[in-house]
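Asks:
Protein chains in written order, with the numbering used here: chain E, 783 to 1199; chain P, 783 to 1199.
#1: Within 10 angstroms of the Cβ of residue 924 of chain E, are there 16 or more other Cβ atoms? Answer buried if so, exposed if not.
#2: Let's see if you can read the secondary structure: which residues bound the beta strand (DSSP E) around residue 1048 of chain E?
#3: In whole angstroms, give me the CA-to-CA distance for residue 949 of chain P and residue 1003 of chain P.
#4: From residue 1048 of chain P to residue 877 of chain P, what distance separates their C-alpha atoms?
#5: Here's the rule I'm using: 16 or more other beta-carbon atoms within 10 Å means buried, otherwise exposed. How should residue 1106 of chain P be labelled?
#6: Does the beta carbon of residue 1121 of chain P sit closer than 8 angstroms to a beta carbon anywhere in chain E?
#7: For the structure I just gave you, are there three or more beta carbon pairs, one from the segment 916–923 of chain E and one from the segment 1074–1086 of chain E, closer than 8 angstroms?
#8: As an exercise, report each continuous beta strand (DSSP E) stretch of at least 3 residues that is fully enclosed by the segment 1119–1167 of chain E, in chain order.
#9: Can you look up residue 926 of chain E in the DSSP assignment and give me helix, strand or coil?
#10: Run through chain E and tell me which residues come within less than 7 angstroms of residue 1077 of chain P, C-beta to C-beta.
#11: Counting only beta-carbon atoms, is residue 1200 of chain P nearer than 8 angstroms to chain E?
#12: By a C-beta neighbour count over all protein chains shown, 10 Å radius and 16 as the cutoff for buried, is residue 988 of chain P buried or exposed?
#13: Give the range of the beta strand (DSSP E) segment to which residue 1028 of chain P is assigned.
#14: Taking all protein chains shown into account, decide if residue 882 of chain E is buried (16 or more other Cβ within 10 angstroms of its Cβ) or exposed.
#15: Would you verify that the beta carbon of residue 765 of chain P is, or is not, closer than 8 angstroms to some beta carbon of chain E?
#16: Let me know if residue 954 of chain P comes out buried or exposed under the rule of 16 or more other beta-carbons within 10 Å of its beta-carbon.
#17: Enumerate in chain order the residues of its own chain whose CB-to-CB distance from residue 1119 of chain P is below 6 angstroms, with the five nearest sequence positions on each side excluded.
#18: Check whether chain E comes within 8 angstroms of residue 894 of chain P, counting only Cβ atoms and requiring the distance to be less than that.
#19: Grab me the residues of residue 1183 of chain E's own chain with a C-beta within less than 7 angstroms of its C-beta, minus the 5 sequence neighbours each way, in chain order.
#20: Residue 910 of chain E: which of E/793, E/1112, E/1093, E/901 sits nearest, CA to CA?
#21: Looking at the secondary structure, which residues open and close the beta strand (DSSP E) in which residue 820 of chain E lies?
#22: Considering only DSSP beta bridges, list what residue 1064 of chain E is partnered with.
#23: Between residue 935 of chain P and chain E, is there a C-beta pair that is closer than 8 angstroms?
#24: In chain order, which continuous runs of the alpha helix (DSSP H) of length 4 or greater are located wholly inside the segment 899–984 of chain P?
#25: Within 10 angstroms of the Cβ of residue 817 of chain P, are there 16 or more other Cβ atoms? Answer buried if so, exposed if not.
#26: For the beta strand (DSSP E) holding residue 1190 of chain E, just list the boundary residues, first then last.
#27: Please name the residue or residues paired with residue 784 of chain E in a DSSP beta bridge.
#28: With DSSP as the reference, label residue 1001 of chain E as helix, strand or coil.
#29: For a cutoff of 8 angstroms on Cβ pairs, would you count residue 978 of chain P as touching chain E?
#30: I need the DSSP call for residue 1008 of chain E, collapsed to helix, strand or coil.
#31: Taking its Cβ as the centre, do 16 or more other Cβ atoms sit within 10 Å of residue 801 of chain E, making it buried, or is it exposed?
#32: Can you tell me which of the three DSSP states residue 809 of chain P falls into?
#33: Is residue 975 of chain P near the ligand GTP, with its Cβ less than 7 angstroms from a heavy atom?
#34: Going by the DSSP bridge assignment, what does residue 1115 of chain P pair with across the sheet?
#35: Report the rounded CA-to-CA distance for residue 832 of chain E versus residue 1032 of chain P, giving the unit in angstroms.
#36: Suppose the cutoff is 8 angstroms on Cβ atoms and the five residues either side in sequence are ignored; what does the same chain contact list for residue 1149 of chain E look like?
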C-alpha cells in the first residue's frame, strides 16, 4: 500500500512515528509484508521545516501537492493539514483521482460531509475520518458498525481535550478560568488562539459528524446552539461539587418525538454518571441504543500520537483484505508463580501480644513489604487484614504463615490490581 | 443477503427480534433494500419449540441442519446454539461450503480459533465472533481495527455479567454468596448450573479470544490459572471497601519482558480505577496501548438482545460493500427553547427577609419545580443557588427574575444532565 501524507505538524509527525515504530504490527494487520507498507511521499508547505521536524532524507518531501494528487502510484492519502482550506480542495482532488482518503479534519468533514462521501462513493474509494472525533477512541467505527443494529436514542460526549483539561484543573486547584487556560497553553494542550476549543465550536463540528453516523442526518453548524466554557466560574464548579455534580463541556444529541435535540454547552453531570470521572485531556462518548442500552467509550482525545493511531486504524480498515487473523503464534506465558501482584490477606490469629509482630516478621523475612495492615479483635481471636506491595506469587505461596502457632487460619487471599 | 439462523434460544430470538424491529436500519447500513435482508431459514433441534417461542409461520424452520449447510442460496450462517458440539461441526461445515459464519460461541472459538480462522481463510469467507466477548460492546473490532496501530501492552476486563451482578449484589445488600447466586438465578442472570460462570471458565475462554486479537497468540485453556468467585467472602468485600477497594472477577493479559502474564481471578480494584464503578451485569474492557495509552469500553455483557446486537454488527461488517454513508437526510431539530433540561442557577440577592420566597414564587408561577435550593449569606448580599427539575429552556429564559427588586444579578445558569 503506497501512502502519501499531507502535513507534518504534530499529527503528521505522529503518523510517521507510528509507521516507523509499529510497522511490523501494521503490516500484519494489513496482511502485507513490512516493505509493502510504504510512506511514499510527504507533502507540506515548507519542506525544510519538515526535515527540521525529523522527516528523514529517505522519505521524499515536496511542496507540490498537485504532483502527489496526480501520481497514479499513490493509493491512499492521509490529510493531516487541518483547517478548511486548502485541505478541502486536496481531499476532493484525491477522491476524484481515485485515491482513498483518511483525515482527522473535523471542520472539513462537518461542513462538507454530504458532498465528500458522495464524491468518494462516485469514485469507488473510501473516505474515513475516525480521528476527527474522540481522538484515539474508535467512536465512528463503533457507531457505524459495532452498534449498527441499534436505533441510537442518544449520544452525549466529552469531546474536547483542551476544555476538559481546563475544567479539571480549575476544580482540582481552585484555579480561575484564566489561570487554567494559561497552564493548558504552557503544556501544549491549548493553542495560542484557543477560541475554537473554549467557544465550543470544535465540539459542535464533532457533534455534526456524530449526527451523520448515529442518526444519518446532516446538521448545519448554524443550527446548533453552542456555548463554550468562557463563562464557567470556579464558584459554580464548587457549588456544583457540594451538591454532587461536576461541570463538563458536553456535546449531546437526543432523539425526541419532535426531532433531534442538539446542544453544545457546559453542563452539570451527577457524580454518579459514568462520565463524571473522565478528567484531564481524556474524552468519552456515552450512548443509548435500543438494543444495547447504555454503553460508553473512553480514551485520549487529543495529541499527535493518539490522533495518528486513529488515522492508522482507518488505513488498516481500508487496506485489510480480510479481518480475520490467520496465523496465531503459540503464546509465551509467564507462570503464575512468577507473576507479580499485590495481595490482600485475612488471617485469624490468637489474640495475644506479639502476634502481629510474628506475622510481619515472616513477611519481611521473605522480602514482602506491606501497604496496609489492620488488626481487629473479636473475643479470643483477632483478624489481621493486610495488603502487600506487589510481589511474586511464588513468594506469597511460600510464606508458610500456617506454621506460626498463633495463626489459626488463613481466611482469604485475594490479588490486588 | 440470505441468512440462516441456527438456534432459537435467547440469543436466536434476539436476532430475530432485531431483524424485525430494525430491518430498515440494518438494510441501510448494508446498502441494501429492506426486502434483501432476509432470514431464509431457522435450524433448530425442536421445530415446535421454536414456533412456541415466537418464530412466525412465514419463516421456514427445520431440524435438518445439514440441508441448510448444503443450500447454496444461503450466504451467511448465524450460529446461536452454544456449547462445543455440534456447534463446532456446523461452523466447520458452513465455512467449507463457502458461507460466512457469525457466532457468539466463545467455547468453540477459544478452543479452535486457529483451525477455524484458517478454514475461513482457505475458503475465502469470513468468520466473526464479536458477540463472544463483552456482549454488546464492540471489543473485538476495536482491538482488531480501532487500536490496530498499537502494540497492546495490557488488557484487563470485567467479562462475565453473572458474576459481576452477584458481586454487586453481595456488597450492596450485605448478602452472602449463596443468596446472591439464588437471586441471580431467579432473575435469569445465572443458569441452573452456574459452574461455567462462577468458576471463571467463561472468562478464561474470553481471555483466550482477546489474546488472539490483541497479542496474536493462541493460548491453551489449561495454561491459564483460573480462579472463580466461589471463595469470595462478604467479609473480605467489606474490608476491601473500608480500605478503598472493590472486588471484581478480572480476566487480564499483560505483556512482560518474560512473556504474557495471564490470569483469571477475583481481584481488589482501587475505587479510583475506571472500572471500579462497573456494576451489575455490565462488562468492561480496560486496555493500554503504546500509542493510545489507557482506553476503556463499557456496556451490557449479557442478554439475548445485546448479544444479538453484536451478532448483527458482524453481519453488517461482512455485508456492507462500503462503510461510507452516501445520503444523509437534513436533520429535523428541536429548537433550543423547546429542549428540556434541569437548570442550575446562582443569583445574587439582597439579604432581606422574604427574598427566597419571592424567587421561588416566580419559579412556581412559571411551573418550574425545584430539586435543590441553598441560600448563602455574605455581608449585605446573599447567594441563592438552585437546581430545577427538567423544564423547557424557553420557560427558564422567560422567568424575568431580573425584574424582582431584590435580585441584584443572575451570576450563572448552567444546564444539568
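Quick reminder that beta carbons are idealized off the backbone N, C-alpha and C, glycines included. Computed from a predicted structure; not experimentally measured.
Replies: Reading it off the structure:
#1: Mapped onto the first chain, residue 924 of chain E falls at position 142. By the beta-carbon neighbour count (other beta carbons within 10 angstroms, threshold 16), residue 924 of chain E is buried.
#2: Position 266 of the first chain, counting from 1, holds the residue named residue 1048 of chain E. Run containing residue 1048 of chain E: 1041–1052, per the beta strand (DSSP E) assignment.
#3: The count along the second chain starts at 1 and reaches residue 949 of chain P at position 167. The count along the second chain starts at 1 and reaches residue 1003 of chain P at position 221. Distance between residue 949 of chain P and residue 1003 of chain P, taken at the CA atoms: about 25 angstroms.
#4: By 1-based counting over the second chain, the position of residue 1048 of chain P is 266. By 1-based counting over the second chain, the position of residue 877 of chain P is 95. When only Cα atoms are considered, residue 1048 of chain P and residue 877 of chain P end up about 37 angstroms apart.
#5: Here residue 1106 of chain P is taken as the residue at index 324 of the second chain, counted from 1. Confidence at residue 1106 of chain P is low in this model, with a pLDDT of 47, below 50, so its placement is unreliable and no value can be given for it.
#6: Along the second chain, read from residue 1 onward, the residue named residue 1121 of chain P stands at position 339. Interface with chain E (8 angstroms Cβ-Cβ cutoff): residue 1121 of chain P is included.
#7: With a cut-off of 8 angstroms, the segment 1074–1086 of chain E and the segment 916–923 of chain E count as touching, because enough Cβ pairs lie within range.
#8: As far as the segment 1119–1167 of chain E is concerned, its whole beta strand (DSSP E) runs of at least 3 residues are 1122–1132, 1152–1160.
#9: One-based indexing of the first chain puts residue 926 of chain E at position 144. Per DSSP, reduced to three states, the secondary structure at residue 926 of chain E is helical.
#10: Taking the first residue of the second chain as position 1, residue 1077 of chain P is located at position 295. Against residue 1077 of chain P, the close residues of chain E are 918, 919, 1080, 1081, in the order they occur along the chain (beta-carbon pairs closer than 7 angstroms).
#11: The requested residue 1200 of chain P does not occur in the structure, where chain P is confined to residues 783 to 1199.
#12: To locate residue 988 of chain P, count along the second chain from 1; it is residue 206. Burial check for residue 988 of chain P: the Cβ neighbour count within 10 Å reaches 16 or more, so the residue is buried.
#13: To locate residue 1028 of chain P, count along the second chain from 1; it is residue 246. Counted as a single uninterrupted DSSP element, the beta strand (DSSP E) harbouring residue 1028 of chain P occupies residues 1027–1038.
#14: For the purposes of this step, residue 882 of chain E is taken as residue 100 along the first chain, with counting starting at 1. By the 10 Å Cβ count, residue 882 of chain E comes out buried.
#15: The displayed coordinates of chain P run from 783 to 1199. Any statement about residue 765 of chain P would go beyond what the structure contains.
#16: Here residue 954 of chain P corresponds to residue number 172 of the second chain, with the count starting at 1. Counting Cβ neighbours within 10 Å, residue 954 of chain P comes out exposed, since fewer than 16 surround it.
#17: Residue 1119 of chain P sits at position 337 when you count from the first residue of the second chain. Only 1175, 1176 meet the Cβ criterion.
#18: Looking up residue 894 of chain P in the second chain gives position 112. Answer no: the Cβ-Cβ gap between residue 894 of chain P and chain E never drops below 8 angstroms.
#19: The residue given as residue 1183 of chain E occupies position 401 in the first chain. Counting only residues of its own chain and dropping the five nearest sequence neighbours on each side, residue 1183 of chain E has a CB closer than 7 angstroms to the CB of 1129, 1141, 1144, 1189, 1192.
#20: Counting from 1 along the first chain, the entry for residue 910 of chain E is found at position 128. Measuring C-alpha to C-alpha distances from residue 910 of chain E to each of E/793, E/1112, E/1093, E/901 identifies E/1093 as the nearest.
#21: Residue 820 of chain E sits at position 38 when you count from the first residue of the first chain. First-last of the beta strand (DSSP E) with residue 820 of chain E: 820–825.
#22: Taking the first chain and counting its residues from 1, the one referred to as residue 1064 of chain E is at position 282. According to DSSP, which records beta bridges pairwise, residue 1064 of chain E is partnered with E/1082.
#23: Your numbering for residue 935 of chain P matches position 153 in the second chain. Chain E contact via Cβ: absent.
#24: Runs of the alpha helix (DSSP H) inside the segment 899–984 of chain P: 943–954, 959–968, 977–980.
#25: If you number the second chain from 1, residue 817 of chain P lands on position 35. That one is exposed.
#26: The count along the first chain starts at 1 and reaches residue 1190 of chain E at position 408. Per DSSP, residue 1190 of chain E is one residue of the beta strand (DSSP E) stretching across 1189–1198.
#27: One-based indexing of the first chain puts residue 784 of chain E at position 2. Per DSSP, E/820.
#28: Numbered from 1 along the first chain, position 219 holds the residue referred to as residue 1001 of chain E. The answer is coil: DSSP assigns residue 1001 of chain E none of H, G, I, E or B.
#29: The sequence position of residue 978 of chain P within the second chain is 196, counting from 1. False, the Cβ-Cβ gap to chain E never drops below 8 angstroms.
#30: Start at 1 with the first residue of the first chain, and residue 1008 of chain E comes out as number 226. Strand, per DSSP.
#31: By one-based count along the first chain, residue 801 of chain E stands at place 19. Counting every other CB atom within 10 Å of its CB across the protein chains shown gives residue 801 of chain E a total of 16 or more, marking it as buried.
#32: Walking along the second chain from the start, residue 809 of chain P turns up at place 27. In the structure shown, residue 809 of chain P sits in a helix (DSSP, three-state: H, G or I).
#33: Here there are no bound small molecules, and the ligand GTP is not part of this structure.
#34: Indexing the second chain from 1 puts residue 1115 of chain P at position 333. Looking at the DSSP assignment, residue 1115 of chain P forms a beta bridge with E/1042.
#35: Counting from 1 along the first chain, the entry for residue 832 of chain E is found at position 50. Counting from 1 along the second chain, the entry for residue 1032 of chain P is found at position 250. Straight-line Cα distance between these residues: approximately 46 angstroms.
#36: Translated into positions along the first chain, residue 1149 of chain E becomes position 367. Taken in chain order, the residues that qualify are 1173, 1177.
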